[in-house]
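Visitor:
There are 4 protein chains.
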Amino acid sequence: MTINIGVIGAGRIGKVHAENIAYRIPEARVLAVADVVSEAAQGLAARLNIPLATTDYREILARPEIDAVLVCSSTDTHARIIIDAAAAGKHIFAEKPIDLDLAVVDSALAAVEKAGVKFFVGFNRRFDPTFARVREAIASGAIGDVHLLHIISRDPAPPPIAYVRVSGGMFVDMTIHDFDMARFLVGSEVEEVYTRAAVRVDPAIGAAGDVDTAVIVLTFANGAIATIDNSRRAVYGYDQRVDVLGSKGGITTGNLFPNQVTFSTAEAICRDLPLNFFMERYTESYVREIQAFIDAVVNDRPPVVTGRDGRVPIAIARAARLSYEQNRPVRLSEIG
Amino acid sequence: MTINIGVIGAGRIGKVHAENIAYRIPEARVLAVADVVSEAAQGLAARLNIPLATTDYREILARPEIDAVLVCSSTDTHARIIIDAAAAGKHIFAEKPIDLDLAVVDSALAAVEKAGVKFFVGFNRRFDPTFARVREAIASGAIGDVHLLHIISRDPAPPPIAYVRVSGGMFVDMTIHDFDMARFLVGSEVEEVYTRAAVRVDPAIGAAGDVDTAVIVLTFANGAIATIDNSRRAVYGYDQRVDVLGSKGGITTGNLFPNQVTFSTAEAICRDLPLNFFMERYTESYVREIQAFIDAVVNDRPPVVTGRDGRVPIAIARAARLSYEQNRPVRLSEIG
Amino acid sequence: MTINIGVIGAGRIGKVHAENIAYRIPEARVLAVADVVSEAAQGLAARLNIPLATTDYREILARPEIDAVLVCSSTDTHARIIIDAAAAGKHIFAEKPIDLDLAVVDSALAAVEKAGVKFFVGFNRRFDPTFARVREAIASGAIGDVHLLHIISRDPAPPPIAYVRVSGGMFVDMTIHDFDMARFLVGSEVEEVYTRAAVRVDPAIGAAGDVDTAVIVLTFANGAIATIDNSRRAVYGYDQRVDVLGSKGGITTGNLFPNQVTFSTAEAICRDLPLNFFMERYTESYVREIQAFIDAVVNDRPPVVTGRDGRVPIAIARAARLSYEQNRPVRLSEIG
Amino acid sequence: MTINIGVIGAGRIGKVHAENIAYRIPEARVLAVADVVSEAAQGLAARLNIPLATTDYREILARPEIDAVLVCSSTDTHARIIIDAAAAGKHIFAEKPIDLDLAVVDSALAAVEKAGVKFFVGFNRRFDPTFARVREAIASGAIGDVHLLHIISRDPAPPPIAYVRVSGGMFVDMTIHDFDMARFLVGSEVEEVYTRAAVRVDPAIGAAGDVDTAVIVLTFANGAIATIDNSRRAVYGYDQRVDVLGSKGGITTGNLFPNQVTFSTAEAICRDLPLNFFMERYTESYVREIQAFIDAVVNDRPPVVTGRDGRVPIAIARAARLSYEQNRPVRLSEIG
């Protein structure tokens, strides 16, 4: 059985998924690509021998041979496309976030549920071999109950200010991955959020109403306490690590590097910088997440990342922002 | 010039200081030791050829040849001895905390100031080669402004419940070292404290009114945000690490190990556990801190750890406890 | 410009190259595959949509649209196919070794030279990001003159005895990669070889006339001294490391691991085993070497791994065996 | 019971032992010190309150209260002093090498045996916590039979040429420690030696008849093969590592560092240089070896480093030199 895929949105991440399907996933093929920028759709189609390129995603939804779509367009279009795709009976893989407005998220999830299609949210880091291994170890009970979790998640450089302005803010744009990671690793639900944040990297980010440096404390239903350490700029590159303390042991992870070479000179012992950003750092995770989505469709199994997994981190991001604005712990139950 | 020292309190830490002076510090010698347990004083005196052993520290203070005393007795006696020693014109090295009551601390510090003697508080971790190197790098500007600091500070096992009951609580007993470390590394003053804590290690600790697991967020005057991750039990041993993000770079430290051996078998790549607890982990720091105290006396220079350095972490500990009790951020200015 | 490729030999390594060209090298495509086992050729052709599958490689050489061939068949057929492909004017990428007999190697290289086609030998480890980085650092002068080089090269498990019998022996089958690596890293020619070897892993290997454990000392024209440490079995997996001492610094490399997770328990600090064998460890190197070959063809540049690079390690392997048999240092000039 | 010690030779290593006994070994005390340079003996005596300082070691041997002597004088005096001390019935700790001439070594060992005193040779590295742990693991069978051992042993800088001239050559002066380490770790005897050496660091060393860069292959009776990698200059500091492959696992060791700090900047990830030389790197080993000697005396047990352990590495060093001069493997049985 081969799954026929339509890719909606031919930007950076849409290209990654299309290529991974073309080259690494034998059970699926991309039959159509849509992008509001015609050249983007045409270019990707030409490069990967995709038969249909269009500027209107509804053209893809109308094709009966399409089994599933990947929603890789801009965030403000996600919910609309999800609703339409669900109505068309297509299985859906959607990039995060579903929407910045929880009510809109809920309407999209309701449409999905009503249609009975598979729905999978693109929290790719869960499929990173390092973080998947951490989850496996925790789930297996190897370190006992989780007491403390610390997530370091720092970008090499902030995005353009124009992007910052429409991003919905750092918590929903960047920390959302860490909220998901915390839930994924701890295996429990967040009950309370406390945020301490600041503008330290670039005053223009502050002028745009956002922060660039933050610490967020999450308290979980199972008693675990997690801290997230965020910065929009670590000059040495992408920094993605976790440290877990459990009742029976601890886990620490390291960054990924382009090589395993250590240089010793008369001055210092050094190695090259880590992989610079997410496209290099999480390469393998993108392949594995699409594989997991295709597996769910092929084998008619529940997706391993659910609609609820897409919704909760958005609520946590809202709580984190509210906590920041009011400088007080915020119960997640305060958020809609 | 040789500095003549009286050691007051011949328990574990008093012995360490007495031995370090005897064996490692040529500019000083221990001439007297006092302990309310006569056998303790006698035993230490016999082992190190200390001429005077007494149960009454005032006997030491009365000796004109004594230049300085080390206050290593139980916490509840610190302030009284400091005041008496200051009145006797002795220079003072005092173990932390000075007292659990800030008013008492202030009276002790006032006595010291009035007497004009040197006063040095035993925050030994500042003298650990690893943490001293971190401070040196930050102070030199090598990583720019400090944006984020994370301190992992976990004991291998909780103290006996009898000790927990009289300890003043985890924040003033254990975290106090981390509060000092945060101030030392950041080089600025704490303005606000938020605590999230729990009883996860042993319910008996909770029954004694204390916590055993905590995350504390500190906001500094210079804008740095620090998090402290505490546990009374890391089953793999003493875990003492910091991670710093600055505007120009980052710093990460590792634990210390008894050897540098890695074993590879058909199952895993492993190494032995880290040094188990503070006496092994911080051995070198104890030598260096006493050396620093002696240097200050010999050269008539200001001690590098001051009375203020002794007081502030106690105030932070109180703020941390208040924050925990009321689940809200507490301004340090709220504490006396 | 697209380069049309014929793959001769559809075994494990032929499949790797065919897939890498299909999925990772936009400038090339595989138009034909040959294998004496018809099902192997058919299977690979079907999977990658290769138009021509045949049991006779001469059918590929007869096609005028084929620009280049990859010689991935069994070692005893390499020279014959190289000679035929050269005569047919095809560029050639050949797996190592060219042949076990140096006279045969020379006849193949003569045929290539006469035809004026590109010839590239598959010493893939040169393209591994770690070893390429080491070479780059040495070539840049960063560590000065090379004084000492140590190569650790251990397989996770020995090959089947049936394979051992026809392999030509460990030196030409396994160590040949290390001989190439030593030449590549040092950037000079080997003048003398001394071998100390033994049968420690499996007596059946000894019964087959081979060794499974060896140390080889290489002396280079530029004065560098290299040691190679070989074993057919490291129970913890594939072990591929180098250590270099230069006049201005040193370089050490580490193995590659499936994840960056460290586990701490009450017993030990552990991580998972390294990537087990060459297909996982050197995945990236295979892509990069084929890319380098295609680049040489597309841009009409000299291949970065030459015919001489294919010949010399075979001569060193013969010297290593002679040294082992006679227990004396052997000059490379003694070998034809 | 307190052991009374006489220290013969108040140079660098004599001072280390005297201080370690004074400060770290409660079961022993230094009662006398001798040095042909009167000021050296007087200075050490003054600093450690040693009652007797003399220029004539025989004065020490004449004292009945002296139980044991440490022979820390220049190498050419070792044998004479050992013979005299044995005749005087003193237990003996001797720095290595016993003598450069094996016949002289044998006469010294014969004198010791005849006198029935304890004799302990100062191969301190056996007592280094890292290498002791490696031996323990091998001896326990944890990695099975030893197949391969690689020792990296590089000094930060060569000694003065004046010293090189009288040192007996690198093999007996520096590599002797590695010969001992190889025997210690493998737990078997060397049967054959092959050396490849060169002058790469300083031509003046060559002019003095010595080498500064070497690889030595040792073949053991139990089938293990060891390589030693020596240089008189690693610009990044003292490099002391081993790598062992056994039938059931592997062991790798790392260097020791002054701190556990990693710095990340926009250029690289770095740490400070390792501990620079043997006095810092092997500090702990010196304490533990003297403790082991004292333990042997106190408890009347055989020393853990024997006279034979002192003799064999000298024979290996001679074989290594002969192998270098004749460029052939040399059987240890060829050496007297």
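Residue numbers (our numbering), protein chains in the order written: chain A, 88 to 423; chain B, 88 to 423; chain C, 88 to 423; chain D, 88 to 423. Each residue gets a CB set at the ideal place from its N, CA and C atoms; glycine is no exception.
Which runs of the alpha helix (DSSP H), 4 residues or longer, sit entirely within the segment 320-396 of chain C?
Guide: For the segment 320-396 of chain C, whole alpha helix (DSSP H) runs of length 4 or above, ordered along the chain, are 365-368 and 370-385.
Visitor: Enumerate in chain order the residues of its own chain whose CB-to-CB distance from residue 304 of chain B is below 6 Å, with the five nearest sequence positions on each side excluded.
Guide: As a position in the second sequence, residue 304 of chain B is number 217, starting the count at 1. Correct list, in chain order: 281 and 314.
Visitor: Rounded to a whole number of angstroms, what is the C-alpha to C-alpha distance between residue 107 of chain D and residue 118 of chain D?
Guide: As a working note, residue 107 of chain D is residue 20 in the fourth sequence. As a working note, residue 118 of chain D is residue 31 in the fourth sequence. Spanning the two alpha carbons is a distance of roughly 14 Å.
Visitor: Go ahead and pull the three-state DSSP assignment for residue 187 of chain B.
Guide: As a working mapping, residue 187 of chain B is identified with position 100 in the second sequence. Three-state DSSP puts residue 187 of chain B in coil, outside helix and strand.
Visitor: Can you list, in chain order, the residues of its chain with a C-beta nearer than 6 Å to that of residue 393 of chain D? Leave out the 5 residues immediately preceding and following it.
Guide: Looking up residue 393 of chain D in the fourth sequence gives position 306. Cβ within range, chain order: n/a, list empty.
Visitor: Less than 8 Å between the C-beta atoms of residue 275 of chain A and residue 317 of chain A, yes or no?
Guide: Walking along the first sequence from the start, residue 275 of chain A turns up at place 188. Walking along the first sequence from the start, residue 317 of chain A turns up at place 230. Not a contact, by the Cβ cut-off of 8 Å.
Visitor: Taking Cβ-Cβ distances shorter than 7 Å, what residues in chain A pair up with residue 358 of chain D?
Guide: For this step, residue 358 of chain D is matched to residue 271 along the fourth sequence. Per Cβ cutoff of 7 Å: 355 and 356.
Visitor: Quick check: does the Cβ of residue 287 of chain C come within less than 7 Å of any heavy atom belonging to the ligand ADP?
Guide: What this structure holds is no ligand at all, so the ligand ADP is not there to describe.
Visitor: Would you mind working out which of B:147, B:380 and B:330 sits nearest residue 326 of chain A, comparing C-alpha positions?
Guide: To locate residue 326 of chain A, count along the first sequence from 1; it is residue 239. Of the candidates B:147, B:380 and B:330, the one whose C-alpha sits nearest the C-alpha of residue 326 of chain A is B:330.
Visitor: Might you give, ordered along the chain, the residues of its own chain that have their beta carbon closer than 7 Å to the beta carbon of residue 418 of chain C, omitting 5 neighbours on each side?
Guide: Stepping through the third sequence from its first residue, residue 418 of chain C is reached at position 331. Excluding sequence neighbours, residue 418 of chain C sits near 278 and 279.
Visitor: Beta-carbon separation of residue 338 of chain C and residue 349 of chain A under 8 Å?
Guide: Along the third sequence, read from residue 1 onward, the residue named residue 338 of chain C stands at position 251. Along the first sequence, read from residue 1 onward, the residue named residue 349 of chain A stands at position 262. It is a contact, given that the beta carbons lie within the stated cut-off.
Visitor: Going by the beta-carbon positions, is the gap between residue 271 of chain D and residue 220 of chain D smaller than 8 Å?
Guide: Indexing the fourth sequence from 1 puts residue 271 of chain D at position 184. Indexing the fourth sequence from 1 puts residue 220 of chain D at position 133. No, they are not a contact pair.
Visitor: Shortest alpha-carbon distance to residue 215 of chain A belongs to which of A:167, A:377, A:286 and A:113?
Guide: As a position in the first sequence, residue 215 of chain A is number 128, starting the count at 1. Minimum Cα distance to residue 215 of chain A is reached at A:377.
Visitor: Confirm, please, whether the CB-CB distance from residue 93 of chain A to residue 156 of chain A is below 8 Å.
Guide: As a position in the first sequence, residue 156 of chain A is number 69, starting the count at 1. As a position in the first sequence, residue 93 of chain A is number 6, starting the count at 1. For residue 156 of chain A and residue 93 of chain A, yes; Cβs fall inside 8 Å.
Visitor: Would you identify the three-state DSSP class for residue 271 of chain B, choosing helix, strand or coil?
Guide: The residue labelled residue 271 of chain B in the question sits at position 184 within the second sequence. Of the three classes helix, strand and coil, the one that applies to residue 271 of chain B here is helix, per DSSP.
Visitor: Write down every uninterrupted run of the beta strand (DSSP E) in the segment 102-184 of chain B whose length is 3 residues or greater and which is fully enclosed by it, in chain order.
Guide: Counting whole runs of 3 or more residues, the segment 102-184 of chain B contains the beta strand (DSSP E) stretches 115-121, 139-141, 155-158 and 178-181.
Visitor: Under a three-way DSSP split, which group does residue 293 of chain C fall into?
Guide: Counting from 1 along the third sequence, the entry for residue 293 of chain C is found at position 206. Three-state result, residue 293 of chain C: helix.
Visitor: Where does residue 225 of chain B fall in DSSP's three states?
Guide: Within the second sequence, the letter at position 138 stands for residue 225 of chain B. The answer is helix: DSSP assigns residue 225 of chain B an H, G or I state.
Visitor: Beta carbon of residue 128 of chain C, beta carbon of residue 122 of chain C: below 8 Å?
Guide: For the purposes of this step, residue 128 of chain C is taken as residue 41 along the third sequence, with counting starting at 1. For the purposes of this step, residue 122 of chain C is taken as residue 35 along the third sequence, with counting starting at 1. Yes. Within cutoff.
Visitor: Flag this pair as touching only if the segment 249-261 of chain D and the segment 296-303 of chain D have three or more C-beta atom pairs under 8 Å; answer yes or no.
Guide: Taking 8 Å as the limit for Cβ pairs, the verdict is that the segment 296-303 of chain D does touch the segment 249-261 of chain D.
Visitor: Under 8 Å, Cβ to Cβ, is there at least one residue of chain B near residue 337 of chain A?
Guide: Start at 1 with the first residue of the first sequence, and residue 337 of chain A comes out as number 250. At least one chain B Cβ lies under 8 Å of residue 337 of chain A.
Visitor: Identify the contact partners of residue 350 of chain C in chain A, using a Cβ-Cβ distance below 9 Å as the criterion.
Guide: Looking up residue 350 of chain C in the third sequence gives position 263. The answer, in chain order, is 224, 229, 230, 336, 337, 338 and 339.
Visitor: Quick one, which residues of the segment 317-331 of chain B are near chain C if we go by CB-CB under 7 Å, in chain order?
Guide: Listed in sequence order: 322 and 323.
Visitor: Note down, in chain order, every chain D residue with its Cβ under 7 Å from the Cβ of residue 414 of chain C.
Guide: Here the question's residue 414 of chain C lines up with position 327 in the third sequence. Those within 7 Å of residue 414 of chain C in chain D are 416.
Visitor: Going along chain D, which residues have a C-beta under 7 Å from residue 346 of chain B?
Guide: On the second sequence, residue 346 of chain B is found 259 positions in, with the first residue counted as 1. Ordered by position in chain D, the residues that pass the 7 Å Cβ test against residue 346 of chain B are 216, 217 and 220.
Visitor: Locate the beta strand (DSSP E) running through residue 308 of chain B, then write down its first and last residues.
Guide: As a working note, residue 308 of chain B is residue 221 in the second sequence. No beta strand (DSSP E) holds residue 308 of chain B; DSSP gives it neither H nor E.
Visitor: Shorter than 8 Å from the beta carbon of residue 362 of chain C to some beta carbon of chain D?
Guide: Counted from its first residue, the third sequence places residue 362 of chain C at position 275. No, residue 362 of chain C lies away from the interface with chain D (no Cβ there is under 8 Å from its Cβ).
Visitor: Anything in the segment 284-306 of chain A with a Cβ closer than 7 Å to a Cβ of chain B? List those residues in chain order, please.
Guide: So the list reads 285, 287, 300, 302, 304 and 306, given in the order they occur along the chain.
Visitor: Between residue 241 of chain D and chain C, is any beta-carbon pair separated by less than 8 Å?
Guide: Counting from one through the fourth sequence, the residue named residue 241 of chain D turns up at place 154. Chain C contact via Cβ: present.
Visitor: Starting from residue 285 of chain C and walking both ways along the beta strand (DSSP E), at which residues does that stretch end?
Guide: Position 198 of the third sequence holds residue 285 of chain C. It spans 277-285 - the beta strand (DSSP E) in which residue 285 of chain C sits, taken as one unbroken run.
Visitor: I'd like the list of long-range same chain contacts for residue 164 of chain C, defined as Cβ closer than 6 Å, with 5 residues on each side in sequence excluded.
Guide: Mapped onto the third sequence, residue 164 of chain C falls at position 77. Hits under 6 Å: none found.
Visitor: If you run the structure through DSSP and keep just helix, strand and coil, what is residue 317 of chain D?
Guide: The residue you call residue 317 of chain D lines up with position 230 of the fourth sequence. Residue 317 of chain D: strand per DSSP, three-state reduction.
Visitor: Name the DSSP beta bridge partners of residue 237 of chain C, please?
Guide: By one-based count along the third sequence, residue 237 of chain C stands at place 150. According to DSSP, which records beta bridges pairwise, residue 237 of chain C is partnered with C:314 and C:330.
Visitor: Please list, in chain order, all residues of the same chain as residue 332 of chain C whose beta carbon is under 6 Å from its beta carbon, the five residues on each side excluded.
Guide: Taking the third sequence and counting its residues from 1, one reaches residue 332 of chain C at position 245. Once the five neighbours on either side are set aside, the close Cβ partners of residue 332 of chain C are 234 and 235.
Visitor: I'd like the span of the beta strand (DSSP E) that includes residue 208 of chain A, first residue to last.
Guide: Numbered from 1 along the first sequence, position 121 holds the residue referred to as residue 208 of chain A. Segment 206-208, the beta strand (DSSP E) holding residue 208 of chain A.
Visitor: Going by other Cβ atoms of all chains shown within 10 Å of its Cβ, with 16 needed for buried, is residue 203 of chain D buried or exposed?
Guide: As a first step, residue 203 of chain D must be located in the fourth sequence, where it is residue number 116. Exposed.
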